[in-house]
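Below is one structure, written out as structure tokens; the observations come after it.
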Ligand SMILES: *Cc1c(COP(=O)(O)O)cnc(C)c1O
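Residue numbers (the working numbering): 191 to 622.
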């Protein structure tokens with residue numbers, strides 16, 4: 191089919207400026223070889239998930255679910271087995287009672303750290319919501335209040351690991367090391383699997399028994415290898431991001447060594463109960479179907495990120511990452527350097543949503559963040575950022591973090607509507 195048909199509906203129904211459509215055609219042609227590579231990774235991961243489902247004899251009766259205590263919930267246990275096979279870990283905890291990525295990370299931390307233990311981040315500041323969990327920012331019930339000491343070694347100015355200071359920071363009391371794969375709300379690079387592998391190797395050489403956790407949020411299925419395959423003891427993420435495939439209505443996962451997953455499980459339920467209770471409430475099929483779709487949903491999202499990077503770089507903005515870098519997550523940061531541009535872009539993303547497209551998002555005081563945050567997500571699942579979404583803390587350097595889309599077609603539309611909004615608002619000039 192001719193591009194002109196697509197451009198016709200983009201112009202007629204979405205009021206996209208003809209000049210933007212011309213640039214978009216050029217950009218789309220330019221990124222085709224990257225799209226091929228993204229499709230290859232998706233194909234591999236699709237087969238990985240399929241074979242995990244077959245190997246574990248997934249059956250229709252697993253979709254039935256339980257209520258109340260949820261003892262002997264075969265579907266829930268099957269889901270956890272399939273996650274373990276997919277992520278190549280001894281065990282997993284995959285539950286609707288885990289309400290977010292922050293909650294999952296909090297369970298993994300509190301479940302495995304005790305008074306007097308030290309926690310080290312060798313990759314700089316963790317994600318905003320963890321500042322309160324750890325107690326870097328004062329918060330009731332933080333790790334700090336529970337006597338756990340936090341140490342941090344920043345990346346060097348050239349974004350390499352600061353091995354000297356990591357070595358100095360590791361002490362006999364260091365119980366756990368936390369490595370955040372994705373950049374979060376910063377403009378640092380997202381760490382590739384190869385980089386994380388090198389870092390884990392270095393840490394193991396000094397502290398062989400330390401628990402190494404990777405915050406894998408936004409990283410699942412971006413590569414064919416997941417962090418547990420390169421030595422992480424625990425990997426943690428949210429089901430309303432990549433692995434939920436857009437269908438999981440809530441949830442988080444913790445995957446890794448049995449002992450450490452159990453640590454998180456007894457924290458979620460209670461000591462003595464651990465993984466044995468927790469009703470699946472009849473939503474197991476959504477978790478499983480979402481996992482099944484996730485590799486291709488992630489691929490659509492990454493295509494959107496690659497397209498946005500190429501487009502906004504062409505228009506003169508600095509993008510993180512640019513397309514010359516290997517991607518390790520689905521997030522595309524664009525440094526607009528102006529709050530008005532950030533807000534206009536996010537409002538454009540909202541306007542391209544299937545749900546609440548008429549709503550105009552504004553910055554607000556979101557729980558867990560220490561500045562105002564704007565979030566655009568007209569999503570089927572509230573707050574889901576594997577669906578087309580953009581968010582930004584309203585602070586220097588005024589960068590927007592764009593991610594997600596259940597399909598590449600929607601990602602492209604979203605990026606174009608957002609750019610169109612910026613142009614209409616007089617905030618972005620197009621080349622003649
Ligand atoms: C999203 C995210 C989190 C927190 O997840 P929520 O589900 O928003 O609580 C933690 N770390 C990283 C890197 C993230 O991207």
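All residues carry an ideal CB built from backbone N, CA and C; glycine is no exception.
- Our two residues, residue 261 and residue 452, have alpha carbons roughly 17 Å apart in a direct line.
- Per the C-alpha coordinates, the member of 584, 570, 222 positioned closest to residue 439 is 570.
- The continuous stretches of alpha helix (DSSP H) do not include residue 344, and DSSP gives it neither H nor E.
- Counting of Cβ neighbours within 10 angstroms places residue 347 among the exposed residues, the total staying below 16.
- Here residue 476 is buried. Its C-beta has 16 or more other C-beta atoms within 10 Å.
- Residue burial annotation: residue 517 is buried, with at least 16 other C-beta atoms found within 10 angstroms of its C-beta.
- Partner residues in the beta bridge of residue 583, as assigned by DSSP, are 563.
- Annotated three-state conformation of residue 465 is helix, per DSSP.
- For the stretch 217 to 256, not one full-length beta strand (DSSP E) segment reaches 3 residues or more.
- For residue 517, the secondary structure class from DSSP, reduced to helix, strand or coil, is coil.
- Per the C-alpha coordinates, the member of 549, 547, 574, 536 positioned closest to residue 563 is 536.
- Taking 7 Å as the cut-off, one finds no heavy atom of ligand 1 near enough to the beta carbon of residue 379.
- With respect to residue 601, residue 595 sits close: the two C-beta atoms are nearer than 8 Å.
- With respect to residue 612, residue 603 sits apart: the two C-beta atoms are not nearer than 8 Å.
- In this structure, the beta-carbon distance from residue 300 to residue 425 does not fall below 8 Å.
- Pairing residue 542 with residue 462, the inter-Cα distance amounts to about 48 Å.
- Taking all protein chains in view, the Cβ of residue 591 is crowded by 16 or more other Cβ atoms within 10 Å, so the residue is classified as buried.
- Proximity to residue 421 across 488, 620, 389 peaks at 389, based on C-alpha coordinates.
- One alpha carbon belongs to residue 621, the other to residue 395, and they sit about 53 Å apart.
- Distance check between residue 481 and each of 423, 202, 435 places 435 closest, using alpha-carbon atoms only.
- The alpha carbon of residue 527 has as its nearest neighbour, out of 584, 479, 273, the alpha carbon of 584.
- Pairing residue 343 with residue 356 gives a Cβ-Cβ distance under 8 Å.
- The beta-carbon distance between residue 349 and residue 379, rounded to whole angstroms, is 5 Å. This is short enough to meet the 8 Å contact definition.
- For a cut-off of 8 Å, the C-beta gap from residue 413 to residue 427 is around 14 Å, too long to register as a contact.
- Taking 7 Å as the cut-off, one finds no heavy atom of ligand 1 near enough to the beta carbon of residue 211.
- Per DSSP, residue 458 is one residue of the alpha helix (DSSP H) stretching across 448 to 458.
- By DSSP's assignment, residue 593 forms a beta bridge with 579.
- By the CB criterion at 8 Å, residue 443 and residue 284 fall inside the cutoff.
- In terms of Cβ geometry, residue 373 and residue 575 do not form a close pair [threshold 8 Å].
- Less than 8 Å divides the Cβ of residue 205 from the Cβ of residue 610.
- The C-alpha of residue 568 is placed about 9 Å away from the C-alpha of residue 548.
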